[in-house]
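Quick notes on the structure that follows.
Residue numbers (the working numbering): 327 to 472.
What follows is the structure in structure tokens.
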């Protein structure tokens, strides 16, 4: 058996100790500080402003009493909508008579109003507590729960 170049000059029964290092990392939780977050709601009264729009209609009945061959269509003349009202009348013969027209006029009004309203706003309050203060509060809160 031939010796390899790395074993030249060493007796066959010699032992070389091998050393190996290992690394072990542990994580330990440690409370360094605590934070308390709470919300506070404030009620602020403000003046709400709005424009209220309303419409009113005036209906005027206009008698016509005129015979027609077919029912007239609803029509618009300017800002007036005209709705024909017909009636069948039995005579010796049947005729369509336009009895009246409804003239509908639209008017728009706008009213500016102001009224007080309550609005709520929330704010987040963050308090930093020391680690020892947080621990004492924890133990006191556990005592009150029991």
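Don't be surprised by glycine CBs; every beta carbon is placed ideally from N, CA and C.
- The Cβ atoms of residue 366 and residue 451 sit closer than 8 Å to each other.
- Nearest in C-alpha terms to residue 424, of all of 439, 368, 431 and 408, is 408.
- Distance between residue 434 and residue 395, taken at the CA atoms: about 37 Å.
- Fully contained in the stretch 401-466 are the following beta strand (DSSP E) runs of length 3 or more, in chain order: 401-403, 406-416 and 420-456.
- Shown here, residue 399 sits in coil according to DSSP, grouped into three states, outside any helix or strand.
- Residue 415 is a Cβ neighbour of residue 421, given a cutoff of 8 Å.
- Per DSSP, residue 381 is one residue of the beta strand (DSSP E) stretching across 359-394.
- Between residue 432 and residue 388, the C-beta spacing is not below 8 Å.
- A direct Cα-to-Cα measurement between residue 446 and residue 364 gives close to 16 Å.
- The alpha-carbon separation between residue 397 and residue 437 amounts to approximately 40 Å.
- Here the C-alpha atom of residue 345 lies approximately 51 Å from the C-alpha atom of residue 362.
- Its Cα nearest to that of residue 378, the residue 441 stands out among 441, 449 and 454.
- Burial of residue 427 is indicated by the presence of at least 16 other C-beta atoms within 10 angstroms of its C-beta.
- Setting aside the 5 residues that flank it on each side, residue 454 is surrounded in the same chain by 359 and 361, each with a C-beta closer than 7 Å to its C-beta; the list follows chain order.
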